[in-house]
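J.:
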Amino acid sequence: MLALLGLAMVVVFTFLIMTKRLSPIVALTVVPIVFAVIGGFGGTTGKMMLDGLKMVAPSAALLLFAILFFGLMIDAGLFDPLIRKILKRVNGDPMKIAVGTALLSLLVALDGDGTTTYMITCAAMLPLYKRIGMNPMILATISMLSLSIMSGMTPWGGPATRAIAALGLDAGEYFVPLLPTMIGGAAWVVFTGFLLGRAERKRIGNVQLQSGGGDCYINAIMEDTPHKRPKLAYVNLLLVVAVMVALVMGIMHSAILFLIGFVLALMINYPQLDIQKERILAHSGNAMTVVLLVFAAGIFAGIFSGTKMVDALAQTLVDWIPPSWGHLFPLVVAITSMPLTFVLSNDAYYFGVVPILANAAAAYGIDPVEIARASILGQPVHLMSPLVASTLLLVGMVDRDLGDFQKATVKWAVLTSLVITALALLTGALTLFS
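Under full-length UniProt numbering, the first residue of the sequence shown is numbered 1, with each subsequent residue one higher.
Below, the structure is given as C-alpha cells:
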C-alpha cells in the first residue's frame with residue numbers, strides 16, 4: 001500500500017510540473033502534504049516537513065554562498081581569459097559552440113561540484129548562445145550530462161562518495177575499473193554536443209562573427225563593466241584554488257568554506273560598503289529562487305522518507321526480482337537507478353536503498369563493489385530531478401521552466417545512462433556472470 005501511494009505521489013508530482021499545472025515550489029510542497037494526509041500521516045506531517053527542512057538546510061546554505069562567491073568571481077572577471085580563448089575558437093558556429101560547451105563543462109566538472117560547473121559554463125557560453133540565437137537548452141543539456149559523468153563516477157564526487165561510504169568499499173578498487181567507462185562517457189557527451197550543435201547549425205546557420213576591431217563579438221559579450229578587477233586576478237585565483245583545495249580535503253563543511261570565501265572575495269574586490277551591497281543585491285534574486293526551491297524539495301523528501309514510502313518502494317523492487325535473475329543483479333541495479341535516483345535524493349538512495357540492494361545481491365554471490373558501480377550509472381537521469389539543488393540553479397541561469405528542461409533533456413539523459421551502462425558491461429566494470 002505504501003509503495004503504491006509513493007509511486008502515485010511521484011507520478012502526480014511529475015505530471016503537474018511537466019504540464020505546468022503547478023510551479024515546482026508549489027508542487028514540491030502541496031503534493032506530498034496531500035498524499036501524507038491520504039496515507040493517514042496527517043498528525044506527523046509537520047514533524048516530517050521540519051525534518052526535511054533540517055536535512056536540506058546545509059545544501060541551501062551551500063548554494064546560497066556558492067552562488068554569491070562565484071557570482072563575485074565572475075563580476076571581477078576571473079574567468080575572462082579562459083572565456084575569451086573559447087569564444088575565439090568557436091566564433092559563431094553552433095556545432096563548435098556546442099562541442100566547446102561540452103569540453104569546458106567536462107573540465108570544470110572534474111571538481112565534482114554542480115554549482116561550480118554550471119556557473120562557470122553558463123558565464124562563459126550563455127552570452128554567445130543568446131547572441132547567435134542558439135537554444136539555451138542545449139547548453140543546459142550538455143552541462144548536465146558532463147556533470148553526471150565527471151562528478152557521478154569520480155570517488156570525490158557526491159554519488160560515488162556516498163556509495164563507497166555506505167558499503168564500506170575501497171575507493172581505488174571501485175574507481176579504477178570504471179575509468180574506461182568514464183572516458184567513454186566523456187567522449188559520448190562531446191559527441192552529443194556535436195549532434196545537438198549540428199542540428200542547431202541547420203536551424204540557424206553558421207554565423208560569422210567579427211573577431212577584431214570595434215565590433216568584436218568577444219568584447220561585446222565580455223562587457224567591460226566597472227566591476228571588473230583585472231589587477232586582482234591572481235589574488236582571486238589563489239582564493240578560488242584555496243577554497244577548492246579545502247573543499248576536496250574536507251577541512252570544514254562546504255557551506256562554511258563558501259561563506260568564508262564569499263566574505264573574503266567581497267572585502268578584497270569591493271571594499272566600499274555601497275558597492276558590496278550592490279553586488280549582493282545583483283545576485284540575490286537568483287540565489288533566493290534556488291534556496292526556496294531547495295527548501296520546497298526538503299518538504300518533499302522529508303515526507304517521502306518519513307512516511308516510509310521510500311523504504312516500501314525499495315523493498316518492493318527487491319521482492320519483484322525473480323531468483324533466476326540473480327546473475328543479472330548489477331544490470332538491474334544500473335537500470336533501476338535511473339527512476340530511483342530521479343525520485344530520491346542521493347542521500348536517500350545511497351544510504352537507504354543501495355545497502356538493501358547490496359545485501360540482496362550478496363545472496364547471489366555478487367560483490368558489493370559492482371552494486372556500487374552500477375548504482376551511479378543512473379546519474380544523468382538523477383540530475384533532471386527537482387530534488388537536485390544545482391539543477392534548480394542551472395534552470396534559473398538559462399531562464400527556463402523546470403518542466404521544459406526535463407522535456408528537453410529526458411531523451412539524452414536516459415540515452416547517456418544506457419550508453420555508460422553498456423560501456424561498463426563491455427569494459428568489465430560490471431559483470432553478468434561470476
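From the three backbone atoms N, C-alpha and C, an ideal C-beta is built for every residue, glycine too.
Values in this document were obtained by computation on a predicted structure and should not be read as measured data.
Out of Val-12, Asn-286, Phe-329 and Gly-197, which one is the CA nearest neighbour of Leu-28?
T.: Per the Cα distances, Val-12.
J.: Let me know if Tyr-118 comes out buried or exposed under the rule of 16 or more other beta-carbons within 10 Å of its beta-carbon.
T.: Looking at its Cβ environment, which holds 16 or more other Cβ atoms inside 10 Å, Tyr-118 is buried.
J.: What are the start and end residues of the alpha helix (DSSP H) that includes Trp-188?
T.: 179-204 is the extent of the alpha helix (DSSP H) around Trp-188.
J.: Can you name the start and end residues of the alpha helix (DSSP H) that Asp-51 belongs to?
T.: First-last of the alpha helix (DSSP H) with Asp-51: 45-75.
J.: At 4 residues or longer, and completely inside the segment 235-308: list those alpha helix (DSSP H) runs for me, N to C.
T.: Runs found: 254-269 and 273-306.
J.: So Lys-88 is in the alpha helix (DSSP H); what residue range does that whole segment cover?
T.: Taken as a continuous stretch (DSSP letters only), the alpha helix (DSSP H) holding Lys-88 covers 80-90.
J.: Should Met-49 be labelled buried (16 or more other beta-carbon atoms within 10 Å of its own) or exposed?
T.: Buried.
J.: Could you tell me how far apart the beta carbons of Thr-341 and His-382 are, in whole angstroms, since I believe they sit closer than 8 Å?
T.: The pair is a contact, with the Cβ atoms about 4 Å apart (cut-off 8 Å).
J.: Below 7 Å, is the gap between the Cβ of Trp-320 and the nearest heavy atom of the ligand COA?
T.: Absence of the ligand COA from the depicted structure is noted, as is the absence of any ligand whatsoever, leaving it without description.
J.: Could you pull out every residue in the same chain whose Cβ sits closer than 6 Å to the Cβ of Leu-247, ignoring the five residues on either side in sequence?
T.: The answer, listed in chain order, is Ser-254 and Leu-257.
J.: Please go through the segment 132-156 and give each complete alpha helix (DSSP H) segment of 4 or more residues, from N-terminal end onward.
T.: With a minimum length of 4 residues, the continuous alpha helix (DSSP H) runs that stay inside the segment 132-156 are 136-153.
J.: Quick check on this structure: which residue in Leu-110, Val-419, Ile-132 and Gly-403 has the alpha carbon closest to the alpha carbon of Ala-374?
T.: Residue Val-419 is the option with its Cα nearest to Ala-374.
J.: Note the first and the last residue of the continuous alpha helix (DSSP H) segment covering Ser-417.
T.: Note, Ser-417: alpha helix (DSSP H), 402-427.
J.: Output yes or no for whether 8 Å exceeds the beta carbon distance between Ile-17 and Leu-402.
T.: Yes.
J.: My output table needs one value for Val-354: the three-state DSSP class, helix, strand or coil.
T.: Reduced to three states, the DSSP call for Val-354 is helix.
J.: Would you mind sorting Ile-38 into buried or exposed? The rule is 16 or more other CB atoms within 10 Å of its CB.
T.: With fewer than 16 other Cβ atoms within 10 Å, it is exposed.
J.: Under the rule that 16 or more other beta-carbon atoms within 10 Å means buried, what is Asp-75, buried or exposed?
T.: That one is buried.
J.: Spatial neighbours of Ala-60 within its chain, please: CB distance less than 7 Å, with the 5 preceding and 5 following residues excluded, ordered by chain position.
T.: Excluding sequence neighbours, Ala-60 sits near Val-291, Val-294 and Phe-295.
J.: CB Met-55 to CB Met-309, shorter than 8 Å?
T.: Cβ atoms of Met-55 and Met-309: not closer than 8 Å.
J.: What's the C-alpha gap between Leu-266 and Tyr-234?
T.: If I take the Cα positions, the gap works out to 15 Å.
J.: Let me know the secondary structure DSSP gives Asp-319 once reduced to three states.
T.: In this structure, Asp-319 counts as helix in the three-state DSSP scheme.
J.: Return the CA-CA distance between Leu-107 and Ala-36, expressed in angstroms with no decimal places.
T.: Taking the straight line joining both Cα atoms gives about 43 Å.
J.: Quick one, which of Leu-392, Ile-33, Phe-194 and Met-182 has its alpha-carbon nearest Leu-426's?
T.: Per the Cα distances, Met-182.
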